[in-house]
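Chains E and W supply the protein sequences, listed in that same order. Here the first sequence is numbered in the numbering used here, starting from 1 and rising by one per residue. Here the second sequence is numbered in the numbering used here, starting from 1 and rising by one per residue. Okay, so here's the structure we're looking at.
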Amino acid sequence: MPNTSLAGYANLAVYSAMAVLTLATLAYAVFLARWVPARGETVASVAPESELVPAYAGTSTAYTGGSGDAGADQPAVAAAAEVTAPAEPLGARKAAGIGLSLTWLATLLLAVGVGLRGWSVQRWPLGNMHEFATFGSLAVLAVFAFWARRRDLRWLGIFVVAPVLLVLGLAITVWYTEAAELVPSLKSVWLVIHVTVATISVALFGIGFALACLSLVRDRLATSGRPAWMTRVPGGAALEKLAYSLHIIAFPLWTFTLIAGAIWARQAWGSYWNWDPKEVWTFVIWAVYAAYLHARATTGVSRRTATWIAIAGFLCIVINYAVVNVWFVGQHSYSGIS
Amino acid sequence: MTQVSTPSAAPVPPAPPAAAPPSQPRLGLLGWLRFSWRQLTSMRTALVLLLLLALGAVPGSTFPQRSLDATRTARWIEDHPTAGPWLDRLGFFEVYASPWFSAIYLLLFISLIGCVIPRTRILLHQLRATPPRTPKRLERLPAHVAVEVDGEAEEVLEGARKALRAKRYRVHSHGPGTLSAEKGYAKEAGNLLFHLALIGVIVGVASGYLFGWRGDVILPVGQTFANTLIRYDTFSPGPWVDPSALAPYTLRLDEMEATFESRIQSKGQFGAARDFVASTTFTPADGSPSRAEEITVNGPLETGGGTVFLLGNGYAPKITVRDGSGTVVYSEATPFLTVDNLYKSTGAIKVQGPKGDLGFSGFFLPTGIIDDQGPRSVFPDALDPALALTVFEGRIFTSSAPQSVYSLDTTGLTQLTSAGGDPLRIWLKLGQTYELPGGRGSITFDSLDRYAGFSIRADPGKTLTLVSSLLSLAGLVASLVIRRRRVFVRVTDTGPRRLVTVGGLGQGDDDGITDELADVVARLAPEPAS
Ligand code: HEM
């Protein structure tokens, strides 16, 4: 029997996380806006790149410049963080710091929310759309927060936090489902394995998607006059690489999701593959991302084309979640033999 | 004084496999075949086919599929008189068996084989060969480092060799003063394993289709199922299955337990299924003693000759029909097929009589009400069970064509009517008896049992499919995680000291190669003499 008061506290935690995320969004927005240089815009275009190309200035050996076909987006490496740090306006730095702290706070609040929800229903909290969305948001925030400790991702903050806020908003309203026990077919350890990995994978694909979109926008704006805040964002090629690095973690996880789902389908439905709409879309997503990795490895296919395929992959994820779950007739009822 | 250069942004990609442009003039038949083969096995084609595969799979989720739900498919076609038949002709209701979908995946797998075999050969060759010669100008490589050290040339080279070996490189010297090293062959091996294992998955799926079978059976509580063809309600064998060779085990259903949500009132939750447990007595085919087995939704029973899954359940009301003289002419637990989540169920009772047969058809409702929506169930558990039936008279058992036991074919039958001339409608609660008009006898709803809907399936291909997919995953991870790198070393004299130049080449995006070189150099000259 679900414990309704615990579920109420879980919702409260989600609402608080949303409030915190709203502030974080503002902080990241201020960060990007504040960076606009007072006169001209020559100051800042170097710093973010230095994060992406390893700099050797710190080692005991001395270095001189070398080869390389560094383009406009790939400035010399030697300019390490200290060189540009003074150019970073204090307001911007403060805003980003606040944004990051708030992101951590929201992550913790959401973790509490997910934990309370699980406690209230006495099971793994991944049984319906509300729970997927909440857990997925937590995964996105956690990945971002931990990753941001390892490299400067302050420019990415708003593109992560704002979409998460939107998803949480949907989770707590349209997708809201009361805390309850599961239908028999969902009572399985494979729920824990399959759905958890799927959610983490989607979280990584999601951040990868944000980066992929940014890289296309950044490329486009590099040729036209780009808005000043864009100077905070790394170059298109660097963004594309970052997106790729996330996708190659997410793709094996998704492959695992597919396999685990098939094992579970055999346990619960008697056959490991039934071409149920949900299965079809899991497979479609897999094939599209496989095509993305392929495209990226194929000589003669541009990075931009590959990026578009990755974006199509994430749109399939969105369809799988928001459309297939709700509208398509699938193997969800166990009332009788058909 | 030492020097290290920075890497360029994009390492030169290694030559693509099998990317030679086809020769232009005068192809001839053989030439054309070779040309088509090369096109088919190019990575670009594989890419297009992969995207087509994804696209082709989509209609199977948007249109009802005959193999999954024939009734809904038929209804869809009926509701769309123009588009329906056309889409049907194009295979949109059997997407995964359609010629075009098959064409896509067959081409993809031919392409895959054609691609993997030469790549395997190349890899095997590379494994036997030594790393390539040191290029003349190492500073042309995407990453390179130069460092001056003390010591004899031989010593320095030996140090470099050690450093590279420690980093698990295969090292070879093609000439004095140079070293060639390579590592990460496992990346390509993993990639090949990934692709090869996909073929294993396909073979596993295909053998499951050829040698697998499934049958469904509805078993009321108290009855025993013997695993023979005749006992199945439906049986679908693969093309290469001998259905007479089923393992002769038996399974008795002792109890069918079903629990539903009754505490949470919100929509979608109230009445939702919570737990189904079928308690059975299983007698294996090999003569070992019977044992009690619980079969649940996520807990199938392995019988040694197919796996028994609990895929459904429902109600089998025990109904007794008496003729005009009071003699019992029918008394059976009659399963009704569940049609919705609230267990509204349809069924039929067919009674053979000397003068004419009687047929009852209609609904069973576990918690039944009648309102302006007609008879319906408001809760899936048997809180207030009711039968809503209509009655027909005539010859039911005439035609030799097999009939469904769950429905009554009313053609040629006359429906009984009430005094007012309306069709006669019977509403029976548990324990009640209804007297049929005109001295035809009576019908009694005696008691209520549940039944279990078992699906028994065998899939001999599943182990191959599973093992292949796990191997594929392992190969994928290896292919994405491992780095393939080549490192070259040249030692030359600069007056009293030695100049060591190290160049590196990574495959694909390899930002880490500069770190790698720096590390090699650091091992050479732990304390740079600057
Ligand atoms: C069932 C179809 C296929 C799927 C799902 C698939 C999937 C993939 C994936 C996910 C990768 C990325 C792994 C990595 O980057 O190391 C990859 C790489 C690769 N695939 Fe496929 N592939 C398929 C068919 C083919 C075919 C038909 C060919 C040959 C034309 C091919 C050739 C390659 C090559 C050469 C690579 C390595 C690229 C590199 O890393 O340099 N694949 N494939």
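From the three backbone atoms N, C-alpha and C, an ideal C-beta is built for every residue, glycine too. In this text, all values refer to a predicted model and were calculated from it rather than measured experimentally.
In this structure, Met230 of chain E has its beta carbon at no less than 7 Å from each heavy atom of the ligand HEM.
Against Trp281 of chain E, the close residues of chain W are Ser61, in the order they occur along the chain (beta-carbon pairs closer than 7 Å). For Tyr169 of chain W, same chain residues with a beta-carbon under 6 Å away, outside a window of 5 residues either side, are Ala181, Lys183 in chain order.
In the structure shown, His144 of chain W falls within a strand segment according to DSSP collapsed to helix, strand and coil. Annotation: the continuous beta strand (DSSP E) that includes Ile319 of chain W extends over 307 to 322.
Arg26 of chain W carries a coil assignment under DSSP once its states are collapsed to helix, strand and coil. For a Cβ distance threshold of 7 Å, nothing in chain E lies close to Ala316 of chain W: the least Cβ distance comes to about 12 Å. Taking a beta-carbon distance threshold of 8 Å, Lys241 of chain E counts as an interface residue toward chain W.
Note that the region 415 to 426 of chain W touches the region 385 to 394 of chain W; at least 3 beta-carbon pairs, one per stretch, sit closer than 8 Å.
Contact between the region 508 to 518 of chain W and the region 151 to 158 of chain W is absent: fewer than 3 CB-CB pairs across the two stretches fall below 8 Å. Nearest C-alpha to Val221 of chain W among W:Leu448, W:Ala419, W:Phe211: W:Leu448.
Taking non-hydrogen atoms of the ligand HEM into account, the C-beta of Cys316 of chain E is found less than 7 Å away from none of them. Nearest to Pro437 of chain W by alpha-carbon distance, out of W:Thr417, W:Phe445, W:Gly431, W:Gly453, is W:Thr417. For Gly215 of chain W, there is no enclosing alpha helix (DSSP H); the enclosing beta strand (DSSP E) has its first and last residue at 213 to 220. The Cβ atoms of Leu211 of chain E and Ala243 of chain E sit closer than 8 Å to each other.
Leu246 of chain E sits buried, since 16 or more C-beta atoms from the chains shown fall within 10 Å of its C-beta.
Along the length of the region 139 to 201 of chain W, whole alpha helix (DSSP H) runs at least 4 residues long occupy 153 to 166, reported in chain order. Here Leu311 of chain W is buried. Its C-beta has 16 or more other C-beta atoms within 10 Å.
For Glu255 of chain W, there are no C-beta contacts with chain E under 7 Å, since the nearest C-beta of that chain is about 16 Å from it. Chain E has a Cβ within less than 8 Å of the Cβ of Phe309 of chain W.
Counting the other Cβ atoms within 10 Å of the Cβ of Arg450 of chain W gives 16 or more, which makes it buried. Contacts with chain E (Cβ-Cβ distance below 8 Å) from the region 258 to 280 of chain W involve Glu261, Arg263, Ile264, Ser266, Gly268, Gln269, Ala272, Ala273, Arg274, Asp275, Phe276, listed in chain order.
In this chain, the beta strand (DSSP E) harbouring Met256 of chain W covers 250 to 260.
In the three-state reduction of the DSSP assignment, Val202 of chain E falls in the helix class, which pools H, G and I.
Counting only residues of its own chain and dropping the five nearest sequence neighbours on each side, Arg263 of chain W has no CB closer than 6 Å to any other CB. Counting the other Cβ atoms within 10 Å of the Cβ of Gln39 of chain W gives fewer than 16, which makes it exposed.
Under a criterion of Cβ atoms nearer than 8 Å, the residues of chain W adjacent to His294 of chain E are, in order, Met43, Ala46, Leu47, Leu50. Inter-residue distance for Gly508 of chain W and Leu110 of chain E is about 38 Å (C-alpha atoms, whole angstroms). Given a length threshold of 4 residues, each whole run of the alpha helix (DSSP H) inside the region 79 to 139 of chain W is given here in chain order: 83 to 89, 99 to 128. For His247 of chain E, the distance from the CB to the nearest heavy atom of the ligand HEM is not below 7 Å.
Bridge partners of Leu428 of chain W according to DSSP: W:Leu387. Cβ proximity to chain W below 7 Å picks out Ala180, Glu181, Val183, Pro184, Ser185, Lys187, Ser188 from the region 179 to 193 of chain E. Take the alpha-carbon of Ala312 of chain E and the one of Thr103 of chain E: they are about 28 Å apart.
When beta bridges are read from the DSSP output, Gly368 of chain W appears opposite W:Ser377. The nearest non-hydrogen atom of the ligand HEM is less than 7 Å from the C-beta of Thr41 of chain W. Secondary structure at Ser271 of chain E: coil, using DSSP grouped into helix, strand and coil.
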